[in-house]
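Visitor: Once you've had a glance at the structure underneath, I'll fire off some questions.
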Amino acid sequence: MKKYTKEHEWVEIKGTEAVVGITAHAAKELGDITFVEMPPEGTDLIVGDVLGTIESVKAASDIYAPISGTVSGINKELEEEPAIVNISPEGKGWVCKLDNIDLVELEDLMSQEQYEKYLKESSRK
Amino acid sequence: MMESENLKITPLNDRHIQLGAKMVPFAGWNMPVQYKEGIIAEHSHTRKHVSVFDIFHMGEFRVKGKNSAIALDRILARPVADQKPGTCRYGFLLTEKGTVVDDLIVYRIDDNEFFIVVNAGTRDADAARFRELLPKDVSFADESDATAKIDLQGPESADVLVSLGLEKESLPAYYRWIKTRISGIPCILSRTGYTGELGFEIYFPADKSGTMWDILLGQKNVKPVGLGARDTLRLEMGYPLYGHELNLETTPVEAGFAQILKLGEKRDFIGAEILRTSQPKKRLAGIELDGRRAAREGTPVFISGRESGKVSSGTFSPSLGKAIALAYFNGESEISVGTEVELVTDRFRITGKTTSVPFYKNGTARK
Chain L
31 MKKYTKEHEW VEIKGTEAVV GITAHAAKEL GDITFVEMPP EGTDLIVGDV LGTIESVKAA
91 SDIYAPISGT VSGINKELEE EPAIVNISPE GKGWVCKLDN IDLVELEDLM SQEQYEKYLK
151 ESSRK
Chain B
4 MMESENLKIT PLNDRHIQLG AKMVPFAGWN MPVQYKEGII AEHSHTRKHV SVFDIFHMGE
64 FRVKGKNSAI ALDRILARPV ADQKPGTCRY GFLLTEKGTV VDDLIVYRID DNEFFIVVNA
124 GTRDADAARF RELLPKDVSF ADESDATAKI DLQGPESADV LVSLGLEKES LPAYYRWIKT
184 RISGIPCILS RTGYTGELGF EIYFPADKSG TMWDILLGQK NVKPVGLGAR DTLRLEMGYP
244 LYGHELNLET TPVEAGFAQI LKLGEKRDFI GAEILRTSQP KKRLAGIELD GRRAAREGTP
304 VFISGRESGK VSSGTFSPSL GKAIALAYFN GESEISVGTE VELVTDRFRI TGKTTSVPFY
364 KNGTARK
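As you go down the protein sequences, you meet chains L and B in turn.
Taking our numbering, I'd label the letters of the first sequence as residues 31 to 155.
Taking our numbering, I'd label the letters of the second sequence as residues 4 to 370.
Below, the structure written as structure tokens:
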């Protein structure tokens with residue numbers, strides 16, 4: 031089950047690891063993604079740290095750690111084909127994996143329903 | 004969620020929205036940056052097939068009178084007096100200091116009439132300057148609001164016009180224009196463009212915008228393309244964009260256009276004195292970056308560890324699959340091609356090499 035942040039990241043627990051990526055909304059806002067900067071394996075992250083950057087033709091956006099942890103893997107396919115993030119932002123377009131995680135931190139994040147509500151409210155300016 | 008901010012809209016605004024365009028402000032106008040397929044698909048489509056661009060926002064002036072040729076010849080950086088009717092000439096409006104007020108294209112209509120196409124953001128300043136500089140017996144009219152412009156660009160663009168009934172042999176040659184009709188709509192059709200591909204720019208009455216757009220989009224393989232791809236296409240060709248490579252702090256010599264100015268000839272024009280007697284303070288060069296990550300405008304450029312310049316435009320190049328940039332290097336000498344550079348911000352350090360432009364070498368513009 032995915033949880034979501036206000037900065038449009040998602041996180042999903044798979045065993046002892048957390049998989050992290052950007053949401054479909056974020057990918058759509060960015061447009062065609064041309065480059066993904068991913069953190070080196072072994073990097074220790076505290077929730078809210080910048081873990082990488084996603085660039086599109088027209089924009090660049092930081093990716094923030096939705097929970098704390100240590101980078102245990104990155105999606106190497108994004109190096110050659112960053113467009114995978116556009117095609118499958120919440121599936122094949124995952125960015126990195128974290129271990130040494132504290133599940134309690136997930137409670138601060140939004141459910142899918144809450145995130146969708148958040149998007150609706152943000153767009154009503 | 005409407006952010007009008009007093010943005011102007013083109014006559015095609017509703018159509019863009021219906022086509023699913025992402026609209027953004029540009030030079031005071033609400034313009035499509037991309038449609039549903041995205042910038043990279045739109046860019047590739049233009050290089051492979053044919054695209055239409057809504058360019059209503061650019062300005063069009065008409066200058067007329069017995070002395071119009073002589074008057075413009077003294078105002079503009081490139082000669083006008085020897086320009087033949089039926090031709091287009093790319094040039095500059097300069098300040099007394101030789102710096103660029105705008106880049107523009109002059110269409111000579113006949114001996115005493117000129118049609119001048121200028122950028123959207125500079126249109127009002129250009130009009131004011133022309134009005135100030137032209138003698139009283141030369142008339143000046145800003146026809147921008149009554150004139151629509153649609154760019155038709157791509158290797159199949161001539162085919163589109165032929166399928167609409169124009170004779171292939173009657174289509175203008177490179178940098179020439181003709182008066183014609185497209186589905187009955189009177190227009191000026193020039194073989195010019197900003198993509199590096201075979202293409203045309205079409206000028207016609209603004210109230211026919213919807214009809215012209217619909218007719219063109221109805222032709223085989225024609226897709227709508229926005230300003231995002233317009234920028235990646237021009238940057239791949241090394242074409243300057245006013246506000247980036249050209250501005251009030253930059254001369255056309257610095258931007259690499261010394262050759263077309265023919266400063267060795269005796270002609271006197273605004274800015275000539277300074278351009279003939281002073282050295283450039285900087286030089287524009289192309290950079291191919293190592294990798295996909297783009298360096299944007301303002302990124303410092305280093306040569307052998309010393310800060311030597313700044314990026315004026317940078318993007319990911321869909322055709323090359325890597326990032327490219329145009330940058331101004333300090334100093335009067337041109338930078339040799341193949342010089343290793345580093346682009347450095349507090350977020351990244353990217354290596355690259357200077358290169359000749361165009362970056363993309365297979366454009367069909369002159370075919």
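The beta-carbon is built from N, C-alpha and C at its ideal position, and this holds for glycine as well.
Label P189 (chain B) either buried or exposed according to how many other C-beta atoms from any shown protein chain fall within 10 Å of its C-beta, with 16 as the threshold for buried.
Guide: Here residue 189 (chain B) refers to the residue found at position 186 when the second sequence is read from its first residue. Its Cβ having fewer than 16 others within 10 Å, P189 (chain B) is exposed.
Visitor: Is the separation between the beta-carbon of L220 (chain B) and that of A298 (chain B) shorter than 9 Å?
Guide: Counting from one through the second sequence, the residue named residue 220 (chain B) turns up at place 217. Counting from one through the second sequence, the residue named residue 298 (chain B) turns up at place 295. Not a contact, by the Cβ cut-off of 9 Å.
Visitor: At the level of alpha carbons, what is the spacing between P69 (chain L) and T49 (chain B)?
Guide: On the first sequence, position 39 is the one that residue 69 (chain L) refers to. On the second sequence, position 46 is the one that residue 49 (chain B) refers to. So the two alpha carbons sit approximately 36 Å from each other.
Visitor: Classify D349 (chain B) as helix, strand or coil using the three-state DSSP reduction.
Guide: In the second sequence, residue 349 (chain B) corresponds to position 346, counting from 1. Of the three classes helix, strand and coil, the one that applies to D349 (chain B) here is coil, per DSSP.
Visitor: Provide the residue span of the beta strand (DSSP E) that contains I327 (chain B), from first to last.
Guide: Reading the second sequence from its first residue, position 324 is the one you call residue 327 (chain B). Counting along the chain, the beta strand (DSSP E) containing I327 (chain B) begins and ends at K325 to N333.
Visitor: For a test of the three-state rule: what should DSSP assign to F133 (chain B), helix, strand or coil?
Guide: By one-based count along the second sequence, residue 133 (chain B) stands at place 130. Helix at F133 (chain B).
Visitor: Taking Cβ-Cβ distances below 8 Å as the criterion, which residues of the segment 49-83 of chain L are in contact with chain B?
Guide: Listed in chain order, the positions of the segment 49-83 of chain L with a beta carbon within less than 8 Å of a beta carbon of chain B are G61, D62, T64, F65, E67 and T83.
Visitor: Leaving out five residues on either side along the sequence, give the residues of the same chain with a beta carbon under 7 Å from the beta carbon of T46 (chain L).
Guide: The residue you call residue 46 (chain L) lines up with position 16 of the first sequence. Cβ within range, chain order: D129.
Visitor: Just by C-beta distance, which residues in the segment 289-301 of chain B are closer than 7 Å to chain L?
Guide: R295, R296 and A297
Visitor: Where G41 (chain B) and P158 (chain B) are concerned, what is the direct C-alpha to C-alpha distance, given to the nearest angstrom?
Guide: Within the second sequence, the letter at position 38 stands for residue 41 (chain B). Within the second sequence, the letter at position 155 stands for residue 158 (chain B). Cα-Cα distance, rounded: 20 Å.
Visitor: What are the boundary residues of the alpha helix (DSSP H) that includes N16 (chain B)?
Guide: The residue given as residue 16 (chain B) occupies position 13 in the second sequence. Where N16 (chain B) is concerned, the enclosing alpha helix (DSSP H) stretches over N16 to Q21.
Visitor: Give, in chain order, every residue of the segment 212-239 of chain B whose Cβ lies closer than 9 Å to some Cβ of chain L.
Guide: G231, A232, D234 and T235
Visitor: By DSSP's criteria, S86 (chain L) is part of a beta bridge. Which residues make up the other side?
Guide: Start at 1 with the first residue of the first sequence, and residue 86 (chain L) comes out as number 56. Note: S86 (chain L) sits in a beta bridge opposite L:I63.
Visitor: Is there a C-beta anywhere in chain B that falls below 9 Å from the one on V115 (chain L)?
Guide: Mapped onto the first sequence, residue 115 (chain L) falls at position 85. V115 (chain L) does not count as touching chain B.
Visitor: Grab me the residues of F319 (chain B)'s own chain with a C-beta within less than 7 Å of its C-beta, minus the 5 sequence neighbours each way, in chain order.
Guide: To locate residue 319 (chain B), count along the second sequence from 1; it is residue 316. Counting only Cβ-Cβ distances below 7 Å, and skipping sequence neighbours, we find R295, A297 and A326.
Visitor: For the alpha helix (DSSP H) that G213 (chain B) lies in, which residues bound it at each end?
Guide: Counting from one through the second sequence, the residue named residue 213 (chain B) turns up at place 210. Where G213 (chain B) is concerned, the enclosing alpha helix (DSSP H) stretches over S212 to L220.
Visitor: If you measure between the beta carbons of G202 (chain B) and A123 (chain B), is that distance less than 9 Å?
Guide: By 1-based counting over the second sequence, the position of residue 202 (chain B) is 199. By 1-based counting over the second sequence, the position of residue 123 (chain B) is 120. Against a cut-off of 9 Å, the Cβ pair of A123 (chain B) and G202 (chain B) comes out as no contact.
Visitor: Residues of the segment 24-48 of chain B in Cβ contact with chain L at a cutoff of 7 Å, in chain order, please.
Guide: V36, Q37, G41, I42 and I43
Visitor: Just to check my reading of the structure: I12 (chain L) and S91 (chain L) have Cβ atoms closer than 8 Å, yes? What is that Cβ distance to the nearest angstrom?
Guide: The first residue shown for chain L is 31 and the last is 155, placing residue 12 (chain L) beyond what the model contains.
Visitor: Between which two residues does the beta strand (DSSP E) harbouring A151 (chain B) extend?
Guide: Position 148 of the second sequence, counted from the start, is the residue given in the question as residue 151 (chain B). T150 to Q156 is the extent of the beta strand (DSSP E) around A151 (chain B).
Visitor: Among B:Y178, B:R184, B:P255 and B:R111, which one has its Cα closest to the Cα of A80 (chain B)?
Guide: Numbered from its first residue, the second sequence carries residue 80 (chain B) at position 77. Comparing Cα-Cα distances from A80 (chain B) to each of B:Y178, B:R184, B:P255 and B:R111, the minimum goes to B:P255.
Visitor: In angstroms, rounded to a whole number, what distance separates the CA positions of D129 (chain B) and L169 (chain B)?
Guide: The residue labelled residue 129 (chain B) in the question sits at position 126 within the second sequence. The residue labelled residue 169 (chain B) in the question sits at position 166 within the second sequence. Their Cα atoms are separated by approximately 34 Å.
Visitor: If you measure between the beta carbons of N116 (chain L) and I63 (chain L), is that distance less than 9 Å?
Guide: Residue 116 (chain L) sits at position 86 when you count from the first residue of the first sequence. Residue 63 (chain L) sits at position 33 when you count from the first residue of the first sequence. Yes. Within cutoff.
Visitor: Who are the Cβ neighbours of L329 (chain B) in its own chain at under 8 Å, not counting the five residues just before and after it?
Guide: The residue you call residue 329 (chain B) lines up with position 326 of the second sequence. L238, G241, P243, H247, E248, L287, A288, G289, I290, V314, S315, S316, G317 and V360, listed in sequence order.
Visitor: Alpha carbon to alpha carbon, how far is P28 (chain B) from T13 (chain B)?
Guide: Position 25 of the second sequence, counted from the start, is the residue given in the question as residue 28 (chain B). Position 10 of the second sequence, counted from the start, is the residue given in the question as residue 13 (chain B). Spanning the two alpha carbons is a distance of roughly 12 Å.
Visitor: When you compare each of B:E172, B:V165 and B:R111 to L155 (chain B) by their alpha carbons, which one comes out closest?
Guide: In the second sequence, the residue the question calls residue 155 (chain B) occupies position 152. Nearest C-alpha to L155 (chain B): B:V165.
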